[in-house]
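Residues in the sequence shown are numbered consecutively from 103, following this note's numbering.
Backbone N, C-alpha and C define an ideal beta-carbon position, used for all residues, glycine too.
As the structure is a prediction and not an experimental result, all values here were calculated from the model.
Heads up: the structure comes next, in structure tokens.
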Amino acid sequence: MAANIQAVRGMHDVLPDQTPLWQYAERIIREVLSSYGYSEIRLPIVEKTELFKRSIGEVTDIVEKEMYTFDDRNGDSLTLRPEGTAGCLRACLEHGLLHHQTHRLWYYGPMYRHERPQKGRYRQFIQLGVETYGMSGPDIDAELILLMHRLWQKLGIRDKVSLQLNSLGTIAERMVYREVLVFYFQQHKESLDEDSLRRLNTNPLRILDSKNPEMKDVIANAPELIAYLGADSLAHFKAITTTLEDLGVTYQINTRLVRGLDYYSKTVFEWVTDELGSQGTVCAGGRYDGLIEQLGGKPNHAVGFAMGMERLLALLELRDDLPITKPVDAYMIRVGEKAEREGLRFAETIRNEFPTLKLQLSADGGSFKNQFKKADKVGAEFAIILGDDEVDRGEVGIKSLRNELAQQTMPQSQAISFLQQQLQINR
Ligand code: ATP
Ligand code: MG
């Protein structure tokens, strides 16, 4: 026998018993986004490799070692998107959406990074991305944070995440800070690991982002970027924190928060959790005005974030009161030739009159006993029972599978309103 083929390492199936939780989260996400007037944009999963090199930056983990890059049959270098910001901006530039306009957009779908798979870190993972364009003031930065704050609340996990904020200032402010930082780390070269020594010349700010515990002290004592911010950057940052305070959204300023990507300026933020081990960042983003010009657009403004759905789902699973409904409310048992024919017709009538009922029809026959077992197995609350006798009398049996009440027999016409009455609590 041939060996079974398995999924690619780090790429996971979502099985039917897990999809209700995904659908629940996706529904709430859509509701919240729509309550802020955001529109969905759908983007290709594959883009030209150049797009990511130019936007994410050559000296980042993603471009250096995580991308799934391949030549297509024409010899063009293509890449499975490792994130959505670049593609979203590419699309908006390509279709002229950034010309004297503002946009509030979201997308949802798989991203690909060749990382070492572990809990909360996969090679295919799903992100919700939210991007806004054309707005320079701090209110849009704050809006994105408020939107997430609302989402956590609606999902019942607000107490499991906390908000970390920082400002990276302008590119010019960062250049000055960069020199100060390089000078500092050069004085402490012996405390840097190999990755950080390399970054000292290429991307020194990323050293602050290192997760190596042995570098904790040298990072903690490094000069802080916030001391090098100009008045405009500070005012922008202050306006955000004031808004959050006004609305009772707690936050911590984390001066070490630099984010992995080169394109951020001013605001950066992360929603982090202690509940998921070392994969603690669930949602991350910030302002990236500079990226638009980097991709060939006119000077403009952009703020956005991305949330990892697998990490969100892991947090949701910690809730013990998940509002998940079973996939089947009622199961129709049919025994006998007439019952099979009439049952099929009756099932369609039920679906006409009670469209929200999740009704599953028996298939492949079997005895009453055998079909009751199937009804129980799919988790139905009610069995709708049809034998040839019931059909002759225009009746139907209804039995609750979740309590000991006896089976009732009633005219078919009554059965639908009976089920509506019994199940309306769930609707
Ligand atoms: P990390 O520091 O955990 O590697 P990152 O800075 O690379 O995260 P971003 O590029 O900002 O992550 O992506 C935003 C979010 O997407 C992360 O906060 C996380 O929730 C999720 N994410 C990123 N990479 C993965 C992955 N390999 N598997 C699962 N989720 C991921
Ligand atoms: Mg990463």
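C-alpha distance - residue i paired with residue j, whole-angstrom precision
i: Asp423; j: Lys262; result: 15 Å
i: Arg175; j: Val148; result: 14 Å
i: Glu455; j: Gly496; result: 18 Å
i: Gln220; j: Arg129; result: 27 Å
i: Gly139; j: Asp173; result: 39 Å
i: Thr383; j: Gly177; result: 37 Å
i: Glu217; j: Lys313; result: 15 Å
i: Ile394; j: Ala274; result: 17 Å
i: Arg529; j: Gln462; result: Low confidence applies here, because Arg529 scores a pLDDT of 48, under 50, leaving its location unreliable; read the following figure in that light. Whole-angstrom Cα-Cα distance: 18 Å.
i: Leu200; j: Pro325; result: 37 Å
i: Gly239; j: Lys368; result: 11 Å
i: Lys440; j: Arg504; result: 28 Å
i: Gln266; j: Tyr366; result: 15 Å
i: Ala482; j: Gly387; result: 43 Å
i: Ile486; j: Thr375; result: 46 Å
i: Phe339; j: Leu299; result: 31 Å
i: Gln524; j: Asn402; result: 57 Å
Any non-hydrogen atom of the ligand ATP closer than 7 Å to residue i Cβ
i: Cys194; result: no
i: Glu217; result: yes
i: Gln396; result: no
i: Thr272; result: no
i: Gly410; result: yes
i: Tyr224; result: yes
i: Ala105; result: no
i: Val232; result: no
i: Phe383; result: Rather than Phe, the amino acid found at residue 383 in this sequence is Thr. Within the cutoff, so yes.
i: Phe154; result: no
i: Ala386; result: yes
i: Phe227; result: yes
Start and end residues, beta strand (DSSP E) containing residue i
i: Met512; result: 510 to 513
i: Phe227; result: 226 to 235
i: Ser298; result: Here Ser298 belongs to no beta strand (DSSP E); instead the alpha helix (DSSP H) covers 296 to 304.
i: Glu497; result: 497 to 502
i: Leu488; result: 484 to 489
Element boundaries [alpha helix (DSSP H), containing residue i]
i: Pro240; result: 240 to 256
i: Leu195; result: 187 to 196
i: Val320; result: 318 to 322
i: Thr343; result: 333 to 348
i: Thr151; result: 151 to 158
i: Met277; result: 273 to 289
i: Asp478; result: 470 to 479
i: Gln396; result: 392 to 396
i: Leu418; result: 411 to 418
i: Leu135; result: 121 to 137
Residue i (DSSP reduced to helix, strand or coil)
i: Thr383; result: strand
i: Ala432; result: strand
i: Pro212; result: strand
i: Phe456; result: coil
i: Lys440; result: helix
i: Ser367; result: strand
i: Ile518; result: helix
i: Arg529; result: The predicted position of Arg529 is uncertain, since its pLDDT is 48 and thus under 50; no value can be drawn from it.
i: Asp173; result: strand
i: Ala404; result: strand
i: Ser264; result: strand
i: Leu507; result: coil
i: Thr451; result: helix
i: Val165; result: helix
Heavy atom of the ligand MG within 7 Å of residue i beta-carbon
i: Asp163; result: yes
Whether residue i touches residue j by CB criterion (8 Å)
i: Arg111; j: Glu168; result: no
i: Met584; j: Asp334; result: Nothing in the structure corresponds to residue 584, since the chain is present only between 103 and 529.
i: Val232; j: Gly406; result: yes
i: Leu435; j: Ile518; result: It is Ile, not Leu, that sits at residue 435 in the sequence shown. Taking 8 Å as the Cβ cut-off, Ile435 and Ile518 do not qualify as a contacting pair.
i: Trp208; j: Leu135; result: yes
i: Arg301; j: Val360; result: no
i: Thr234; j: Arg206; result: yes
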